[in-house]
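In structure tokens form, the structure reads like this:
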């Protein structure tokens, strides 16, 4: 166990240093900030529309608790029909963020394992470390990178929002950002688990990218297939409307899916010849 | 004594192609073993199985008495120079070797020292800050050997280390392998039989995925001697008389280059040797050394039945 943890630490640090050396981390950071900035900008632009829309329905201001009271207990598909009744710009921005983040992670991390497989350097590593330590470290290094980028970019954007807006307090900005993080971090873990899985199956970047996009098909099926009635829909809605029960279901659902793909990917990789 | 490497009934197939068909051999500790076989005989597959890169269909592999689990490898116990070695091309030599050193248990300054040790062993210290992609073929082989030496594993497998190298680099690599010490078992796969004959003291010959001979190099070379080399203080001027004396013993050639070499087909070694020694005595030519050996090339062809 000690050896595993020691190797996990060594390999994670090495992968992180390589991500910075190859400027991948910087590219990911810039693209992520652009994405988050765009979404936040979109929120601010539609804020008045949203307020009017909610006020018409008796909700004074966009607020997690109010939304929960009004939208948290819809059964099954009605949740989606309710969602479609919301301002479409809001849904689109969140949807766009989810797609962009998935693509960003796919592009930046698609060769996380395939690179080593393709050039054969994986063999040098496996003479000295276990497949467990290697696979876990790749996931951990990239996960830490994206979480750090997420936190840093949100912090920067929070500060920018406070300075650029009138009357916005730090806490006022923090609340929607935390809701946003609650939705995106499990989705980030799921996307990364899929990316590492695909990368471990391929020897080329193109092959890995193709597999990542093919893997999204079963994910979409799992997301929309009502294995547990209500849960799946609330989970999907949580991606684009991360409030209350939706956010909770989304967080739990994406974490479970991320774990499923991570474990499946690892079990396949463990049996793979290199 | 525990074998440095023991392979038992190892089988491996790629689709319908049977690469190894129950390969069994054992190598003692501290030998430098030539691993010889035709293309496709299963040499590289064996190395890949020992390294844990491939999954065997069946069979066992033990390194220093410890069985190696399928696809797990014997971490830190074996160093391998793969045939198609490709490194972290964009990383400096020291950066990638430092990672390997840390993984085998060196920390901080110790890891740096280990990297320096292996880089100087292969004469690449000056290139430590260059990326691997900037290295020539010979330097890449030396880097491959350096990574195999990290942590001084008791077993080192070198797959075609001499291929495509100039004589100077070959000589350096020979010296390096020779300097690895008595505790290290080195296995070298190569088609350069003449070279292997000079610096390996053990040999394992595989043919069609099976081991057909394993043992000391001398044993294979003396197995069915058809060639005797007499190192002499001075070479005889004329060989006509000796050739006539040997004419009834199916001797195929009597030659002198740096030594007197007698090659024969089916005759008895004792008879031929007796005649040559008697003639050298009569000619008053002092003998420095007599070598009853096949060339490895001949021995190899004899063993695989060609």
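Residue numbers (the numbering used here), protein chains in the order written: chain P, 1 to 274; chain D, 1001 to 1306.
Cβ atoms here follow ideal geometry from the backbone N, Cα and C, with glycine treated the same way.
For residue 273 of chain P, which residues from the same chain have a beta carbon less than 7 Å from its beta carbon, with the 5 sequence-adjacent residues on both sides left out? Once the five neighbours on either side are set aside, residue 273 of chain P has no close Cβ partner at all.
Could you check if residue 15 of chain P is buried or exposed, using at least 16 other CB atoms within 10 Å of its CB as the buried criterion? When all chains shown are included, residue 15 of chain P counts as buried.
What do you get for residue 1052 of chain D, buried or exposed, if any count of 16 or more other CB atoms within 10 angstroms of its CB means buried? Flag for residue 1052 of chain D reads buried.
When you compare the CB of residue 261 of chain P with every CB in chain D, is at least one pair closer than 8 Å? Not one chain D Cβ lies under 8 Å of residue 261 of chain P.
First through last residue of the beta strand (DSSP E) which encompasses residue 1253 of chain D: Where residue 1253 of chain D is concerned, the enclosing beta strand (DSSP E) stretches over 1251 to 1256.
Run through DSSP, which three-state label would residue 97 of chain P get? Here DSSP, grouped into helix, strand and coil, assigns residue 97 of chain P to helix.
Please look up how many angstroms separate the CB atoms of residue 1020 of chain D and residue 1046 of chain D, rounded, as I've assumed it's under 8 Å. About 7 Å separates the beta carbons of residue 1020 of chain D and residue 1046 of chain D, which is inside the 8 Å limit, making them a contact pair.
List in chain order: all unbroken alpha helix (DSSP H) runs of 4+ residues lying wholly within the stretch 1135 to 1192 of chain D. If you keep only unbroken alpha helix (DSSP H) runs of at least 4 residues inside the stretch 1135 to 1192 of chain D, you get 1137 to 1149, 1167 to 1178.
What residues are listed by DSSP as bridge partners for residue 1012 of chain D? BP columns for residue 1012 of chain D point to D:1020.
Under 8 Å by Cβ, that's how I've got residue 192 of chain P and residue 139 of chain P pegged, so tell me the actual separation to the nearest angstrom. With 8 Å as the limit, residue 192 of chain P and residue 139 of chain P qualify as a contact, their Cβ atoms being about 6 Å apart.
Classify residue 1282 of chain D: buried if its beta carbon has 16 or more other beta carbons within 10 angstroms, exposed otherwise. By the 10 Å Cβ count, residue 1282 of chain D comes out exposed.
Range of the contiguous beta strand (DSSP E) that encloses residue 1034 of chain D: Residue 1034 of chain D -> beta strand (DSSP E) spans 1032 to 1036.
For a test of the three-state rule: what should DSSP assign to residue 1246 of chain D, helix, strand or coil? DSSP, reduced to helix, strand and coil, places residue 1246 of chain D outside both helices and strands of the structure shown, so it counts as coil.
Which residues in the same chain have their Cβ closer than 6 Å to the Cβ of residue 257 of chain P, if we skip the five residues on either side of it in sequence? Its chain contains 190 as the residues whose beta carbon lies nearer than 6 Å to that of residue 257 of chain P, once the 5 sequence neighbours on both sides are disregarded; these appear in chain order.
Hey, how far is the Cα of residue 1133 of chain D from the Cα of residue 1093 of chain D? Cα-Cα distance, rounded: 10 Å.
Any contact of the stretch 1207 to 1227 of chain D with the stretch 1171 to 1189 of chain D, i.e. 3+ C-beta pairs under 8 Å? The stretch 1171 to 1189 of chain D and the stretch 1207 to 1227 of chain D do not touch, with fewer than three beta-carbon pairs separated by less than 8 Å.
Count the other CB atoms, across all protein chains shown, that sit within 10 Å of the CB of residue 1009 of chain D; report buried if there are 16 or more and exposed otherwise. By the neighbour-count criterion, in which 16 or more other beta carbons inside 10 Å mark a residue as buried, residue 1009 of chain D falls on the exposed side.
Please return the same chain residues whose Cβ sits closer than 7 Å to the Cβ of residue 1085 of chain D, not counting the five positions on each side in sequence. These residues qualify, in order along the chain: 1140, 1144.
Counting only Cβ pairs nearer than 8 Å, list the residues of chain P close to residue 1073 of chain D. Simply 126, 127.
Counting contacts by CB-CB distance shorter than 8 Å, is residue 7 of chain P in contact with chain D? True, the Cβ-Cβ gap to chain D drops below 8 Å.
Under the three-state reduction of DSSP, which class applies to residue 1240 of chain D: helix, strand or coil? Note: residue 1240 of chain D maps to helix in three-state DSSP.
Start-to-end residues for the alpha helix (DSSP H) that takes in residue 124 of chain P: For residue 124 of chain P, the enclosing alpha helix (DSSP H) starts and ends at 121 to 126.
Where does residue 143 of chain P sit, in a helix, a strand or coil, going by DSSP? Residue state for residue 143 of chain P is assigned as helix, using DSSP reduced to three classes.
Going by CA-CA distance only, name the one from D:1138, D:1078, D:1197, D:1148 that's closest to residue 1298 of chain D. The alpha carbon of residue 1298 of chain D has as its nearest neighbour, out of D:1138, D:1078, D:1197, D:1148, the alpha carbon of D:1197.
Looking at residue 1106 of chain D: is its Cβ nearer than 8 Å to the Cβ of residue 1147 of chain D? With contacts defined by Cβ atoms closer than 8 Å, residue 1106 of chain D and residue 1147 of chain D do not form a contacting pair.
First and last residue of the beta strand (DSSP E) that includes residue 1215 of chain D? Run containing residue 1215 of chain D: 1210 to 1216, per the beta strand (DSSP E) assignment.
Could you list the residues in the stretch 132 to 151 of chain P with a C-beta less than 7 Å from some C-beta on chain D, going in chain order? Going along the stretch 132 to 151 of chain P in chain order, one finds no residue with a Cβ nearer than 7 Å to chain D.
Taking the beta strand (DSSP E) that residue 1229 of chain D falls in, what are its first and last residues? For residue 1229 of chain D, the enclosing beta strand (DSSP E) starts and ends at 1227 to 1232.
For a test of the three-state rule: what should DSSP assign to residue 1198 of chain D, helix, strand or coil? Here residue 1198 of chain D carries a helix assignment [DSSP, helix/strand/coil].
Is it true that the stretch 1032 to 1040 of chain D meets the stretch 1190 to 1209 of chain D, where meeting means three or more beta-carbon pairs spaced less than 8 Å apart? Inter-segment contact for the stretch 1032 to 1040 of chain D and the stretch 1190 to 1209 of chain D is present: three or more beta-carbon pairs are separated by less than 8 Å.
Between P:101, P:109, P:56, P:34, which lies nearest to residue 23 of chain P when the distance is taken from Cα to Cα? Per the Cα distances, P:109.
Using DSSP bridges, identify the partner residues of residue 1304 of chain D. Note: residue 1304 of chain D sits in no beta bridge, so no partner.
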